[in-house]
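Chemist: Sharing a structure here in structure tokens format.
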Amino acid sequence: MKSDPLGAERRQYLRLDTVFPVSFQLISEETKEPLSEELQGFTNNISKGGICLAINNLKPELSGLIREKKARVALKIEVPLHHVPVCALANISWFKEDIDSKGKFFIGLDYEEIPAFGNKRIMRYAWTRRLFAPTVLAIAFVFALGFGINTYINFKLVKGNKDLVDQLVKILQDSTLAKEKIRDVSKEKEDLQLKMQTLEVRLKTLEDDRAKIGEKEQLEELKANKKLTELNNLIGKLNQEKATLQDVFIKLQKKENNISEELLLLDKNKVALTQANFDKMYQWLRIHQNQRTGLISSFEGDSEVANWAFIYDQSLAAQAYVNFSDFERARKMFDFFARKAKREGNLFHNAYYVTDGSVAEYTVHCGPNIWLGIALVQYTQKTHDNRYLTLAEEIADGIISLQDPDGGLRGGPDTDWYSTEHNLDAYSFLNMLYQVTSNDKYLKSRDKVLSWLAQNTYNRDDVPIKRGKGDSTIATDTYAWSIAAIGPKKLEEIGMNPDQILEFAEQSCSVEVSYDRPGGKTVRIKGFDFAPQTHVVRGGVVSSEWTAQMIMSFKIMADFYSAKGMDSKASVYKQKANEYLAQLSNMIISSPSPSGQGEGCLPYASVDFVDTGHGWMTPKGKNTGSVSGTAYTIFAYYNYNPLELK
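Next comes the structure, spelled out in structure tokens:
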């Protein structure tokens with residue numbers, strides 16, 4: 001171990017982890033003439049009254065002068081980060097040689113003359129350096145510790161959220177399997193009952209034959225006895241077979257009861273897990289909101305549109321915030337559209353970039369704008385805060401400017417096509433505005449839209465609802481939104497059959513497909529395609545958003561018939577809603593992004609990057625989370641109809 005060459009002298013200095021270059025020259029005490037050329041040394045031991053100067057390879061004659069203190073020392077101290085050195089004159093206090101390093105010397109110097117500002121500069125840097133290293137280390141340690149703790153917590157959170165999703169999917173699969181077992185057992189029971197009934201008939205016939213033999217006195221006794229013996233043996237055999245079947249039936253009944261109890265327990269666990277997962281899905285919508293713009297990326301996972309915020313999706317996310325009383329988040333989004341978003345007249349562009357709010361898609365369509373207006377009115381109704389009502393009315397004015405004399409709304413300022421979907425949205429939006437403002441112009445425009453729908457899209461028996469004016473293509477969402485926007489009662493008043501609408505949609509667009517979950521497991525799911533499978537060559541695809549819209553419509557029909565006291569029909573629709581919602585829960589995935597923390601969300605469709613049949617492709621990416629699919633499924637679960645003002 002090396003000895004400390006300074007020993008006790010070190011206590012009077014601040015020891016630094018860096019060195020100051022020092023130029024020095026020996027000066028005669030008497031004549032003040034230089035006794036040496038300018039030499040080089042360094043110091044890392046500093047005090048307000050002087051320094052410890054370290055020198056390598058000092059000439060013997062100079063070391064003698066220093067040891068005998070027959071000279072003073074002129075100093076030029078180079079302070080880091082400063083171009084001009086600090087000049088000082090110092091007296092020799094002590095002189096030591098480093099015994100471990102030959103030729104290395106230490107000189108203790110006390111300032112005789114030094115500018116006050118220069119001394120302050122040296123000491124300020126020394127104290128800063130002295131405190132900086134421990135502080136940096138402490139901060140680095142705290143950050144490392146915090147990062148480690150945060151990483152661990154985040155890991156546990158992600159794992160917990162993924163486990164929650166996996167548990168729900170497993171219970172749903174177990175529940176489906178249990179239901180299939182019950183169906184199989186019920187079928188076996190039916191078959192056994194049929195066999196037992198057949199045996200009963202045969203036994204009755206044989207017993208009748210036996211009774212007749214006893215009555216026929218003309219038959220020879222021997223022949224009659226033989227016949228009776230044969231019949232008795234056969235009857236006994238059949239009775240034994242009947243008893244065996246009854247035992248099997250009893251066992252099947254017990255098996256069915258056990259499976260039913262298992263299913264009941266699974267359903268109880270499913271309720272709790274479903275609630276937890278849907279709450280997590282809302283958290284996914286929360287944590288993905290950009291704090292600067294208030295917008296949320298429509299698709300998490302598709303790199304090509306990862307930074308895009310489609311305004312339809314913003315409407316759904318904002319309504320989710322409102323329904324969870326997360327009003328500050330909703331206002332942050334609405335403030336972007338009210339104050340920052342670039343628009344064309346009264347209407348907004350279809351999409352904006354999440355990070356800076358600039359326009360991502362310059363197309364202007366009325367449908368997405370209507371949905372933004374719907375979110376603003378829903379917020380107004382829920383909070384009684386009218387600050388965004390003017391913006392909603394500006395959007396409405398822009399929409400009404402696209403209305404033709406026959407009442408139909410064109411797809412946008414630069415389009416000449418008419419969409420059933422957009423006009424259904426408009427009917428709902430204008431109806432809401434009339435309810436809130438009592439302004440007759442919204443009532444008149446609403447009624448004109450309904451008249452246009454009745455004349456142009458609800459006028460064929462073979463296809464209950466056309467996709468648009470002169471367009472008989474079947475689009476699932478137009479069927480669901482007819483129920484949600486207009487309502488079953490109003491549909492009946494204009495001569496439409498809401499039951500037929502949903503029956504046609506289910507017959508045409510319901511599909512059952514294999515879905516490859518992110519973990520590699522394949523599950524069977526049933527839901528609604530974007531279009532009839534017969535119209536596309538890609539095979540069936542389940543749309544999470546459009547399936548959720550159909551679930552919402554089933555729930556609306558259940559409430560409609562329940563209010564009319566038609567409980568059996570209400571029960572049928574309620575059962576459909578619950579079955580499709582359970583199927584849709586099989587599609588819940590864990591958020592793939594680091595910021596998503598594994599929270600649950602839904603992909604846009606069961607297959608990525610396929611043709612929807614309506615002119616666009618589903619997003620890329622096997623694990624792409626969708627705002628519209630996630631938000632609308634939350635709406636369906638909580639029975640919130642965005643196209644109705646309550």
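So in my numbering, spot 34 of the sequence shown is number 34, and the numbers just go up one at a time.
We put the beta carbon where it would ideally sit given N, CA and C, even for glycine.
1. Could you pull out every unbroken alpha helix (DSSP H) segment of at least 4 residues lying fully inside the stretch 308–357, listed in chain order?
2. So for residue 76, helix, strand or coil by DSSP?
3. What are the boundary residues of the beta strand (DSSP E) that includes residue 361?
4. Please report the Cβ distance between residue 62 and residue 36, rounded to the nearest whole angstrom; I am assuming they are in contact, meaning their Cβ atoms lie under 8 Å.
5. Might you give, ordered along the chain, the residues of its own chain that have their beta carbon closer than 7 Å to the beta carbon of residue 41, omitting 5 neighbours on each side?
6. Tell me the DSSP bridge mates of residue 410?
7. Among the residues of its own chain, which have a CB less than 7 Å from the CB of residue 583, if the five just before and after it don't count?
8. Measure the C-alpha to C-alpha separation of residue 333 and residue 544 and round it to an integer number of angstroms.
9. Helix, strand or coil, according to DSSP, for residue 477 in the structure here?
10. Applying the criterion that 16 or more other CB atoms from any shown protein chain within 10 Å of the CB defines a buried residue, is residue 386 buried or exposed?
11. Would you report the Cα separation of residue 427 and residue 555, rounded to the nearest angstrom?
12. Tell me the DSSP bridge mates of residue 57?
13. If you follow the alpha helix (DSSP H) that residue 578 is in, where does it begin and where does it stop?
14. Counting only beta-carbon atoms, is residue 62 nearer than 7 Å to chain C?
15. At a cut-off of 6 Å, is residue 526 close to the ligand PLP when judged by its beta-carbon and the heavy atoms of the ligand?
16. Among 508, 639, 638, 606, which one has its Cα closest to the Cα of residue 623?
17. Using three-state DSSP, classify residue 617 as helix, strand or coil.
18. List the whole-angstrom C-beta distance separating residue 433 from residue 492, where the pair is believed to meet the contact cut-off of C-beta under 8 Å.
19. To which residues of the same chain is residue 496 closer than 6 Å at the C-beta, ignoring the five residues directly before and after it?
20. Residue 65 by DSSP, collapsed to three states: which one?
21. On the DSSP letters alone, give me the boundaries of the alpha helix (DSSP H) that residue 400 sits inside.
22. For the alpha helix (DSSP H) containing residue 81, name the first residue and the last one.
23. Give every residue of the same chain whose Cβ lies closer than 6 Å to the Cβ of residue 363, excluding the five residues on either side of it in the sequence, and list them in chain order.
24. Give the single residue among 380, 440, 447, 388 whose Cα lies nearest to the Cα of residue 403.
25. My understanding is that residue 125 touches residue 86, with C-beta atoms under 8 Å, so please give their C-beta distance in whole angstroms.
26. In angstroms with no decimal places, state the Cα-to-Cα distance between residue 381 and residue 375.
27. What distance in whole Å lies between the Cβ atoms of residue 557 and residue 642, which are believed to be in contact at a cut-off of 8 Å?
28. Counting C-beta neighbours from all protein chains within 10 Å, is the total for residue 33 16 or more, i.e. buried, or is it exposed?
29. Which residues mark the beginning and the end of the beta strand (DSSP E) in which residue 43 is found?
30. Starting from residue 528, follow the beta strand (DSSP E) in both directions and report where the run begins and ends.
31. On the three-pair Cβ rule with 8 Å, is the stretch 628–639 touching the stretch 561–575?
32. Mind checking which residues open and close the alpha helix (DSSP H) that includes residue 446?
33. Identify the continuous alpha helix (DSSP H) that holds residue 492 and give its terminal residues.
34. Who are the Cβ neighbours of residue 207 in its own chain at under 7 Å, not counting the five residues just before and after it?
35. Return the first residue and the last residue of the alpha helix (DSSP H) that residue 504 is part of.
36. Near residue 471, what residues of its chain come up, given a Cβ to Cβ distance below 6 Å and the 5 sequence neighbours on each side ignored?
Modeler: Taking the geometry as given:
1. As summarised for the stretch 308–357, the continuous alpha helix (DSSP H) elements at least 4 residues long and confined to that stretch are 311–323, 327–335, given in chain order.
2. For the purposes of this step, residue 76 is identified with residue 76 of the sequence shown, where counting begins at 1. Looking at residue 76 - three-state DSSP - the assignment turns out to be strand.
3. In the sequence shown, residue 361 corresponds to position 361, counting from 1. Segment 359–361, the beta strand (DSSP E) holding residue 361.
4. Stepping through the sequence shown from its first residue, residue 62 is reached at position 62. Stepping through the sequence shown from its first residue, residue 36 is reached at position 36. Approximately 6 Å separates the beta-carbon atoms of residue 62 and residue 36; this is inside 8 Å, confirming the contact.
5. As a working note, residue 41 is residue 41 in the sequence shown. The answer, listed in chain order, is 22, 24, 53, 54, 55.
6. Looking up residue 410 in the sequence shown gives position 410. Partner(s): 418.
7. Locating residue 583 in the sequence shown gives position 583, where the first residue counts as 1. Here the set comprises 525, 526, 527.
8. Counted from its first residue, the sequence shown places residue 333 at position 333. Counted from its first residue, the sequence shown places residue 544 at position 544. The alpha-carbon atoms of residue 333 and residue 544 are separated by roughly 24 Å.
9. Start at 1 with the first residue of the sequence shown, and residue 477 comes out as number 477. DSSP places residue 477 in the helix class (H, G or I) of the three-state scheme.
10. The residue you call residue 386 lines up with position 386 of the sequence shown. Exposed is the call here.
11. To locate residue 427, count along the sequence shown from 1; it is residue 427. To locate residue 555, count along the sequence shown from 1; it is residue 555. Going from the Cα of residue 427 to the Cα of residue 555 covers about 20 Å.
12. Stepping through the sequence shown from its first residue, residue 57 is reached at position 57. Bridge partners of residue 57: none, in fact.
13. Within the sequence shown, residue 578 is the residue found at index 578, counting from 1. Taken as a continuous stretch (DSSP letters only), the alpha helix (DSSP H) holding residue 578 covers 567–585.
14. The chain labelled as chain C is not found in the depicted structure, where only one protein chain is given.
15. Questions concerning the ligand PLP fall outside what the structure shown contains, since it holds no ligand whatsoever.
16. Translated into positions along the sequence shown, residue 623 becomes position 623. Nearest C-alpha to residue 623 among 508, 639, 638, 606: 606.
17. Against the sequence shown, residue 617 aligns to sequence position 617. It is a strand residue.
18. In the sequence shown, residue 433 corresponds to position 433, counting from 1. In the sequence shown, residue 492 corresponds to position 492, counting from 1. Not quite, the Cβ-Cβ distance comes to about 25 Å (not below 8 Å), so this is no contact.
19. As a first step, residue 496 must be located in the sequence shown, where it is residue number 496. The answer, listed in chain order, is 458.
20. In the sequence shown, residue 65 corresponds to position 65, counting from 1. It is helical.
21. In the sequence shown, counting from the first residue as 1, residue 400 sits at position 400. Where residue 400 is concerned, the enclosing alpha helix (DSSP H) starts and stops at 389–400.
22. Counting from one through the sequence shown, the residue named residue 81 turns up at place 81. Unbroken run through residue 81: none, as it is neither H nor E.
23. Locating residue 363 in the sequence shown gives position 363, counting from the first residue. Residues of the same chain with a CB within less than 6 Å of the CB of residue 363, apart from the 5 flanking positions on each side, are 350 in chain order.
24. If you number the sequence shown from 1, residue 403 lands on position 403. Of all alpha-carbon atoms in 380, 440, 447, 388, the one lying nearest the alpha-carbon of residue 403 is that of 447.
25. On the sequence shown, position 125 is the one that residue 125 refers to. On the sequence shown, position 86 is the one that residue 86 refers to. Not quite, the Cβ-Cβ distance comes to about 10 Å (not below 8 Å), so this is no contact.
26. For the purposes of this step, residue 381 is identified with residue 381 of the sequence shown, where counting begins at 1. For the purposes of this step, residue 375 is identified with residue 375 of the sequence shown, where counting begins at 1. It is roughly 10 Å from the alpha-carbon of residue 381 to the alpha-carbon of residue 375.
27. The residue given as residue 642 occupies position 642 in the sequence shown. The residue given as residue 557 occupies position 557 in the sequence shown. The Cβ separation is near 17 Å, so there is no contact.
28. Position 33 of the sequence shown, counting from 1, holds the residue named residue 33. By the neighbour-count criterion, in which a residue is buried when 16 or more other Cβ atoms sit within 10 angstroms of its Cβ, residue 33 is exposed.
29. For the purposes of this step, residue 43 is taken as residue 43 along the sequence shown, with counting starting at 1. Where residue 43 is concerned, the enclosing beta strand (DSSP E) stretches over 39–46.
30. Mapped onto the sequence shown, residue 528 falls at position 528. Segment 522–528, the beta strand (DSSP E) holding residue 528.
31. By the criterion of at least three beta-carbon pairs nearer than 8 Å, the stretch 628–639 is not in contact with the stretch 561–575.
32. For the purposes of this step, residue 446 is identified with residue 446 of the sequence shown, where counting begins at 1. Going by DSSP, residue 446 is part of the alpha helix (DSSP H) stretching over 440–456.
33. Residue 492 sits at position 492 when you count from the first residue of the sequence shown. If you look at residue 492, you'll find it in the alpha helix (DSSP H) that goes 488–493.
34. Translated into the one-based positions of the sequence shown, residue 207 becomes position 207. Answer for residue 207: 235, listed in chain order.
35. Taking the first residue of the sequence shown as position 1, residue 504 is located at position 504. 498–509 is the extent of the alpha helix (DSSP H) around residue 504.
36. Counting from one through the sequence shown, the residue named residue 471 turns up at place 471. Legend: pLDDT at residue 471 = 48, less than 50; position of this residue unreliable, value from coordinates given subsequently. No residues qualify anywhere along the chain.
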